[in-house]
Amino acid sequence: MSYIYLIGAIIFEVFGTTCMKLSDGFSNILPSIGIFLFYGISFALFTIALKGIDVSIAYAIWAGMGTAMITAIGIFWFKEPATAVKMVSIMFVVIGVVGLNLNLGGH
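Every number in my numbering is 15 more than the matching position in the sequence shown, counting from 1.
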């Protein structure tokens with residue numbers, strides 16, 4: 016169940032970060048409110064997830080998957096460039112998260 020909370024935390028963190036972009040420096044009210052709402056929910060879910068997942072693993076998944084998802088949103092929604100360096104870098108982030116999860120056998 017902890018991983019379900021972690022997935023929720025990641026999704027709401029991505030919503031919050033997307034609202035940061037949409038807020039245009041806090042000049043758009045609804046996305047500005049969304050930042051605090053979505054990050055609050057994300058941190059609450061992340062805190063609950065930590066009851067059953069090591070903090071090092073949970074944070075790596077949260078940060079890595081959030082970064083990969085925000086990169087995809089930036090490319091597809093905000094029309095940011097999808098450079099080769101960006102794609103290779105995101106691939107390394109995902110590989111790192113997978114590698115940390117493969118190391119769970121040391122529990």
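Beta carbons: idealized from backbone N, C-alpha and C, even for Gly.
Just so we're clear, the structure is a prediction, and the values are computed from it rather than from any experiment.
Contiguous alpha helix (DSSP H) assignments of at least 4 residues, all confined to the segment 73-112
none
- prompt: If W77 sits next to L21, beta carbons under 8 Å apart, how far is it from one beta carbon to the other, in whole angstroms?
  reply: 6 Å
On a CA-only basis, which of A73, L52 and A99 is nearest T62? Give me that one, please.
A73
Of the residues G111, F27, M102 and M35, the one placed nearest P46, counting alpha carbons only = Closest option to P46, Cα to Cα, is M35.
**Request:** Whole angstroms is fine: what's the gap from M80's alpha carbon to I19's?
**Result:** 14 Å
- Considering only C-alpha positions, which residue in the set S71, A97 and G23 is nearest to V113? S71
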